[in-house]
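Here the sequence shown stands for residues 102 to 203, where the numbers follow our numbering.
We treat Cβ as the ideally placed atom computed from N, Cα and C, and that holds for glycine.
All of these numbers come straight from a predicted model, not from anything done at the bench.
Worksheet: the structure to be examined is printed underneath.
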Amino acid sequence: MTTNNHPHTPRLLPWAGQDDKPCYVIPEDGGFVSTLANRLEELQLRTAIDVLDHSRAALNQVQPLTPTELLFITNRLTESLSDAVRVADSRGRRLGQALHAP
Numbered sequence: 102m103t104t105n106n107h108p109h110t111p112r113l114l115p116w117a118g119q120d121d122k123p124c125y126v127i128p129e130d131g132g133f134v135s136t137l138a139n140r141l142e143e144l145q146l147r148t149a150i151d152v153l154d155h156s157r158a159a160l161n162q163v164q165p166l167t168p169t170e171l172l173f174i175t176n177r178l179t180e181s182l183s184d185a186v187r188v189a190d191s192r193g194r195r196l197g198q199a200l201h202a203p
């Protein structure tokens, strides 16, 4: 996949590097890193959907959740939202519509 019709535009990867700095790759159709990034983005989005479904179910229980359970749900939702925003940012950049500057 090329980015915004510019095959040498760096792609934001769905993981962070050392010191939590963004990682980039020059996209290459069928390239190992690009394929790995595609698969990880898909997994992150599927996981976010699962976390959201489980969180909704837990919050709709008759019995109130404990503070520990609420903290767990909050942490998982935060992780999933962070991943989803990173995927959206990466895909937006490839369309020439970045969410924010790198």
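Exercise for review: Measure the Cβ-Cβ separation of P115 and E142 and say whether it is below 7 angstroms.
Suggested key: yes
Exercise for review: Report the partner residues of R112 according to the DSSP bridge assignment.
Suggested key: V126
Point to revise | Opposing strand residues paired with A149 [DSSP bridges] | key: DSSP, once it has assigned bridges, lists no residue as partnering A149.
Check your understanding: Considering T175, what are the terminal residues of the alpha helix (DSSP H) in which it resides?
Key -> P168 to R195
Check your understanding: CB-CB under 7 angstroms to P203, same chain, minus the five flanking residues each way: which ones, in chain order?
Key -> Residue placement at P203 is flagged as unreliable, the pLDDT there being 48, under the threshold of 50; a coordinate-derived value is accordingly withheld.
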